[in-house]
Every structure is written in structure tokens, then in C-alpha cells.
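These notes are about the structure you will find just below.
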Amino acid sequence: MRALTGSGQALTDEDLLALYAAPRRLRGALDGPDGPRSTGSAGHDPLSARPADRPWTRMMFISSADGAATVDGRSGGLGSPADHRVFDLARRDADVILVGAGTVRAEGYDGPLVDAEASAWRTARGLDAHPEVAVVSGGLHLAASDPFFLRAPRRPVVLTSAAALRDHADRAAALAEVADVLAAGETDVDPAIALALLAARGHRVVHGEGGPSLFGAVAAAGRLDELQLSLSPVLVGGDGPRILTAAQEVALDLHLVHVLHEDSMLLLRYVAAGSADALEDGAAGDVRPSGNDV
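Residue numbers (UniProt numbering): 1 to 294.
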């Protein structure tokens, strides 16, 4: 188990980006402005063997020690500086941020989701200044006048159902003025179709931020590759949501890649059992910066 900071050498942002890198030519995480530093197997991209419509899909959540996903209806109350740091870095290196409409409303998504430093980091590596943001809303319960759309630094994507486009044609037309509105299923949003649509837009690594229903749908569809879970050292009680909600049980084995800690907060990285070989092949988990081992 490794400490983010402490009496030894602290983990830098580049260290953390390497530790959390997806299995690809580690664009952004290990590459610098002048080109790649290391890829494990020279010139090899382990995602090349995956179908073109299967981007690497990770979900990032925080939970209390007793399993609660929120405090007073929001996940932000469970966070810490260490958790926020890793969260911001995950956004920095994202091709696309995938999030449910309920999370956009509850967490107050508004304006840029990466800061100026992160934008400069991205453009220096040939990325767009801001990752694309894709919002999942099966019923089109979104308002085109929401600050999320009006202050977005990059035109968002709305993933919905064909039925919602028919049933809420006026709302869909209004949203189409401020976002790319795509049907990702007939009556409900199908995660496989949604991810294929994102892949068709050039996104190979999808960074999901919730909520629990979206996480459950992705996992149930067999499209989850990775879970980044922060375990907050608090007890919440009550009957609030867990990080995953699904209509039926989702049995999915996870492999632990690493554990980081700071101030009693645990930062866990898991990879789905069926995706573990790709991660190992990509050498992302083999990058070991110097730091504290405890």
C-alpha cells in the first residue's frame, strides 16, 4: 500500500497519471510534449485487439466505510483533498466524461470540468483542451437552458432513447441547439450502443462519474473494464444509495491493481476480471514511481 504524501518522496501528478493509465499507447499519462517516454511493449497498443466499438470504460466513485454513496444527497461530502486530486487527474486524461443526467443535476455540473493548467497539459499532448462530456438521459429530463449547457466549454453530447426523441420532440429539438443528441437504444439507453457511439466519435477511453444507475447499467451490460473507488473514513448510516444500482444482481469479479492512502482515505483501483489481461499487457500497472511503501 502506498502513501500519496508523507515522510518519503510524494507521488507527483505524472506518477499518479501513470498509475491510473488505461491500457493503450499511454497518451497523456506517459507521453510528453515531445513524444512517448515508455509504452511497455514498444509500438504495441493492447486495445487494438478489442472491437472498435469497445472503448476502455472506467467508472469512478466514492463510498463511505459503511457503503453509502452520498451524504445529504451528494457524493462531494465524502471527499478529501487526495480524492479530489485523483478525480481531477482522471478528468485531465479523459477522452470523454460519461455521466447520468441525475448526477449532473445533483452535483451541479457547470462550466469547465478541467482547469486552465489541465487544459494546457492536454493541448501540449495533442488533446482537445477540454474532454467531451456525454450525458445519459433515457427520458430527456434535461433543460436546454441549464447552465451545464449554456456555460459548457465544449458542445456536450446527450445519449437518450429513440422513444424519448419521439415522445419529447420539442425538448429534443431545444437540446439539439446546445448539444449533439443521439439515440442509444429504442426504449432505454443501451450501454453497449452508447459506448459504441462514443467510440465512433474517436473516444477510446471513457471516464464515467455516475450515478449508481448508470454504473449498474454499464456493469450489467458487461461493459465495465475498471472501477476507481475512494473509500472515505466516515460512517453515514441511513438508507441512502450505494455506488451501484441495478434491477438484478450484477456478479462481476474485480482484480485489485493498487491501493493508495492519505489521511485514512483509501484510493482503490480495480479492473474487471475479463479486462485484467489487457491492463497487464498495456504495462500501465507496471509503472512504479518512487514513493512511500507502507
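Idealized CB from N, CA, C, for every residue including glycine.
Self-check item: Per-residue DSSP class, three states only, for residue 250
Solution: coil
Quiz item: Once you ignore the five residues that flank residue 236 on each side, which residues in its own chain have a CB closer than 7 Å to its CB?
Solution: 64, 66, 68 and 71
Quiz item: For the segment 170-190 against the segment 141-157, are there 3 or more C-beta pairs whose distance is under 8 Å?
Solution: yes
Practice problem: Let me know the secondary structure DSSP gives residue 177 once reduced to three states. | Solution: coil
Quiz item: Between the segment 236-251 and the segment 80-93, do three or more beta carbon pairs fall short of 8 Å?
Solution: no
Quiz item: Opposite residue 74 in the DSSP bridges: which residues?
Solution: 71
Exercise. Could you check the C-alpha separation between residue 297 and residue 119 for me, to the nearest Å?
Key: Outside the modelled stretch of the chain, which goes from 1 to 294, sits residue 297, for which no answer is possible.
Self-check item: Helix, strand or coil at residue 243 according to DSSP, with G and I counted as helix
Solution: coil
Quiz item: How about residue 136 and residue 77: are their beta carbons less than 9 Å apart?
Solution: no
Quiz item: What is the residue span of the alpha helix (DSSP H) that residue 14 lies within?
Solution: 13-19
Quiz prompt | First through last residue of the beta strand (DSSP E) which encompasses residue 64 | solution = 56-64
Quiz prompt | residue 213, enclosing alpha helix (DSSP H) - first and last residue | solution = 212-220
Quiz item: In this structure, what does DSSP give as the bridge partners for residue 97?
Solution: 133 and 207
Self-check item: Those runs of the beta strand (DSSP E) which lie wholly inside the segment 153-197 and span at least 3 residues
Solution: 157-160 and 180-183
Quiz prompt | Residue range of the beta strand (DSSP E) that includes residue 86 | solution = Counting along the chain, residue 86 falls outside any beta strand (DSSP E), though it belongs to the alpha helix (DSSP H) covering 81-92.
Quiz item: Using the C-alpha atoms, what's the distance from residue 215 back to residue 254?
Solution: 14 Å
Exercise. Please say whether residue 83 and residue 62 have beta carbons closer to each other than 9 Å?
Key: yes
Practice problem: Measuring alpha carbon to alpha carbon, tell me which of 212, 88, 85 and 54 ends up nearest residue 74. | Solution: 212
Quiz item: How should residue 210 be labelled, buried or exposed, when 16 other C-beta atoms within 10 angstroms of its C-beta is the threshold for buried?
Solution: buried
Exercise. Could you tell me whether the Cβ atoms of residue 140 and residue 197 are closer together than 9 Å?
Key: no
Quiz prompt | residue 261 versus 79, 194 and 114, residue with shortest Cα-Cα distance | solution = 79
Self-check item: Endpoints, alpha helix (DSSP H) assigned at residue 119
Solution: 116-124
Quiz item: Can you tell which of 108, 53 and 57 has the C-alpha that lies nearest to the C-alpha of residue 23?
Solution: 57
Quiz item: Which whole-angstrom value describes the C-beta separation of residue 183 and residue 161, a residue pair presumed to lie in contact below a C-beta threshold of 8 Å?
Solution: 6 Å
Exercise. Taking residue 250 as the reference, give the member of 126, 218 and 189 with the closest Cα.
Key: 218
Practice problem: In the DSSP assignment, find the unbroken beta strand (DSSP E) run with residue 227 in it and report its ends. | Solution: 226-232
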